[in-house]
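First up is the structure itself, then whatever we jot down about it.
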Ligand code: NDP
Ligand code: MG
């Protein structure tokens, strides 16, 4: 029996994870947590709404932590699992982006594994398994391009939260859906891939594949490329991470090749500057990815509240990156300070926007 602690149990990933756990006799929930939504309908011996996630994990003693919290709020749980050598099924990409170097050091000390749940990273993980780093040429992270693919800047001036939340291929929580519309999600994913797979930013490419069938590719030094295909359904990477290395069955239908359209194009980085800002923050290192993430969280919340136009999101993030101190991060206290300071700078940029 594998004991799963599910953090973010009331969210999009959390709900699908419960379905996966319930359908596999070898998985059981030992704990579930949410931020404020009650957990009355979640069947777990330990439950916590709005509490300290690491306290809950200490009591639950899980075999695997599925971190499906949204945002920087997931960072303590990520580090808790890695430090203790507990398997981390990671959906909460913000924690790895913000705390990348701390997370890798914690994994080194704890000896644990990160099993990516983000679909592109689950795909890369599978394409890379059993290969030596020197065999790898480039990683390609794919994306649908979001609801505004093909539009120019002028056509984005007045877009509403409702329009940004209408994602063409994936049904997800509100924050990541807006991130998909700005391409910040791909930016976060490039940084996530850098930390997960130890590949330089120059060798991590983004390609737009509108139907979200190809989740990622790896190009190898001999000219071969391996791609990962599947319908856009998060139950697959969730199940893969929770049942790794077994690859248990899921209720999905097999891929029907005759119905597929597979076209690729480069991302429009002029219209969607969040991708280039992420690469710059990643290359800068230190607390810069944490600053990028914090400013983005502030800007997305303001956009969803109707306090910031869509095009204001990259402006606030760019201004925050330019203004905030980006120091080395020695420990979790430094990181929490950097996150807090960046949020304050971003709130100032919002007020000026
Ligand atoms: P949702 O907004 O649907 O759910 C977020 C979950 O996090 C909710 O259960 C929420 O609880 C909980 N939460 C928020 N803050 C806290 C907190 N401080 N303590 C405990 N729980 C908290 O998000 P998603 O499920 O869409 O996304 C979750 C993560 O997975 C994100 O990092 C996202 O980027 C990533 N991801 C999601 C994908 C998807 O398909 N949805 C795909 C790939 C990655 P409450 O209900 O109380 O607010
Ligand atoms: Mg993804």
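In our numbering, the protein residues as written are 308 to 660.
C-beta atoms are modelled at their ideal positions from N, C-alpha and C, and glycine is treated no differently.
In this text the structure is predicted, and so the values were computed from the model without any measurement.
Query raised in the report: Where in the segment 370 to 441 do unbroken runs of the alpha helix (DSSP H), each at least 4 residues long, occur, reported from the N-terminal end onward?
Result: 382 to 391, 400 to 417 and 426 to 435
Query - Beta-carbon contacts of residue 434 that lie in its chain and below 8 Å, excluding the five residues immediately before and after - result: 523, 524, 525, 533, 534 and 535
Query raised in the report: Under three-state DSSP, which class holds residue 483?
Result: helix
Query raised in the report: Counting along the chain, where does the alpha helix (DSSP H) carrying residue 365 start and finish?
Result: 360 to 367
Query raised in the report: DSSP on residue 321, reduced to helix/strand/coil?
Result: helix
Query raised in the report: Counting along the chain, where does the beta strand (DSSP E) carrying residue 511 start and finish?
Result: 511 to 515
Query raised in the report: The beta strand (DSSP E) with residue 628 in it runs from where to where?
Result: Element bounds for residue 628: not the beta strand (DSSP E) but the alpha helix (DSSP H), 619 to 630.
Query raised in the report: Per DSSP, residue 449 forms a beta bridge with which residues?
Result: 514
Query raised in the report: What number of angstroms, rounded off, separates the C-alpha of residue 624 from the C-alpha of residue 485?
Result: 14 Å
Report task. Measuring alpha carbon to alpha carbon, tell me which of 548, 474 and 436 ends up nearest residue 527. Result -> 436
Report task. Starting from residue 356, follow the alpha helix (DSSP H) in both directions and report where the run begins and ends. Result -> Looking at the DSSP string, residue 356 is not in any alpha helix (DSSP H); the run it does join, the beta strand (DSSP E), is 353 to 356.
Query - residue 392 versus residue 457: straight-line alpha-carbon distance, rounded - result: 44 Å
Report task. Could you tell me which residues DSSP puts in a beta bridge with residue 339? Result -> 313 and 354
Query - Collapsed DSSP secondary structure at residue 502 in the structure displayed - result: helix
**Report entry** Endpoints, beta strand (DSSP E) assigned at residue 657
**Finding:** Taken as a continuous stretch (DSSP letters only), residue 657 belongs to no beta strand (DSSP E), being part of the alpha helix (DSSP H) at 639 to 659.
Report task. Verify the contact flag: residue 403, CB atom, against every heavy atom of ligand 1, threshold strictly below 7 Å. Result -> no
Query raised in the report: From residue 427 to residue 495, what distance separates their C-alpha atoms?
Result: 12 Å
Query raised in the report: Does the distance from the C-beta atom of residue 581 to that of residue 489 stay below 8 Å?
Result: yes
Query - Given residue 512 as reference, the closest of 574, 314, 408 and 529 once Cα atoms are compared - result: 574
Query raised in the report: What is the DSSP secondary structure of residue 583, counted as helix, strand or coil?
Result: helix
Requested in this report: State yes or no: is the C-beta of residue 426 nearer than 7 Å to some heavy atom of ligand 2?
Outcome: yes
Query raised in the report: Using a threshold of 7 Å, is the CB atom of residue 512 nearer than that to any non-hydrogen atom of ligand 2?
Result: no
Query - Sequence-distant residues of the same chain with beta carbon closer than 8 Å to residue 569, five excluded per side - result: 516, 518, 520 and 521
Report task. Using 7 Å as the cut-off, classify the Cβ of residue 543 as near or not near the heavy atoms of ligand 1, replying yes or no. Result -> no
Requested in this report: Report the three-state DSSP secondary structure of residue 527 (helix, strand or coil).
Outcome: strand
Query raised in the report: Is residue 349 helix, strand or coil when you go by DSSP?
Result: coil
Query raised in the report: CA-CA distance, residue 652 and residue 627?
Result: 6 Å
Query raised in the report: Where does residue 566 fall in DSSP's three states?
Result: helix
Requested in this report: Kindly give me the distance between the Cβ atoms of residue 341 and residue 315, rounded to whole angstroms, as I take these residues to be in contact under 8 Å.
Outcome: 7 Å
Query - Of the residues 655, 631 and 656, the one placed nearest residue 644, counting alpha carbons only - result: 631
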